[in-house]
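In what follows, a structure is listed as structure tokens, so that the remarks can point back to it.
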Amino acid sequence: MIHAAIVFSKSGKVRLTKLYKGAGTTKERRRLQNQVVAEVLARVKGPTAHRMCSFVEWTEDRVIVYKRFASLYFAFIQDRGENELLTLQLITMYVEVLDKYFGNVCELDLVYNLSRAYFLLDELLLGGNMVETNKRLVASIVSKQDEMVELYEADPEAAVNAMSTS
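Here the sequence shown stands for residues 1 to 166, numbered as in the UniProt record's numbering.
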């Protein structure tokens, strides 16, 4: 099970955080974010960074799986018994879905369209478990949500009628 998804920049600025189990207080969430960011950045900035794998045995029962895309790091915290390679594939799939939706995603897309990034992640993961593997389907579902929002903003009554007929 995935316990958390954290996306942050090379400088350590957190851009997206999704916690799936035991979110705790705001202070605990911030501490978790800071620990994960510090752990990953310490590994990638060290002299042996080129020889490090993308898995960090973090606690007795948790593993951090991370991958860098452009200037962003995507880190998922998972149970120790889970398949790390599958989680790496999930991270890659999430980035590909972001690319498909935003068209070559960058850090600013996450800053200015954070709700869309959360929607896309929610279509892939539900309660920390992968629920969808079709990238095109995920992107099209969120695009349809966008169309419904635009329709509702233009004509709320027509949007309600369209939703009731579909």
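Backbone N, C-alpha and C fix where the C-beta goes; we use that ideal spot for every residue, glycine too. Just so it is clear, the structure is predicted and the values come from calculations on it, not from any experiment.
Check	Outcome
When you compare only the Cα positions, how much space is there between Arg68 and Asn161?	44 Å
In angstroms with no decimal places, state the Cα-to-Cα distance between Ser71 and Val105.	11 Å
Can you check whether the CB of Ile2 is closer than 8 Å to the CB of Val36?	no
Could you give the first and the last residue of the continuous beta strand (DSSP E) run that contains Ser54?	Looking at the DSSP string, Ser54 is not in any beta strand (DSSP E), and its letter there is neither H nor E.
So, under 8 Å CB-CB, Val65 and Arg80 are touching, yes? Tell me the CB distance rounded to an integer number of Å.	11 Å between Cβ atoms; not a contact.
Hey, Ala42 and Tyr20: beta-carbon distance below 8 Å or not?	no
Tell me whether the beta-carbon of Val97 lies closer than 8 Å to the beta-carbon of Leu120.	yes
Can you give the Cα-Cα distance for Ala158 and Tyr152, rounded to whole angstroms?	7 Å
Looking only at its chain, what residues have a beta carbon closer than 8 Å to the beta carbon of Lys27, apart from the 5 residues adjacent to it on each side?	none
With DSSP collapsed to three states, give me the class of Met148.	helix
Between Gln33, Lys135, Phe55, which lies nearest to Tyr94 when the distance is taken from Cα to Cα?	Lys135
Determine the contact status of Leu32 and Ala117, defining contact as a CB-CB distance below 8 Å.	no
Figure out for me which residue from Asp109, Ser115, Val149, Leu86 has the closest Cα to the Cα of Lys18.	Ser115
What does the alpha-carbon distance come out to for the pair Val57 and Val138?	Residue identity check: residue 57 is Glu in the sequence provided, not Val. Roughly 31 Å separates the two Cα atoms.
Tell me, please, which residues DSSP counts as bridged to Asp79.	Arg62
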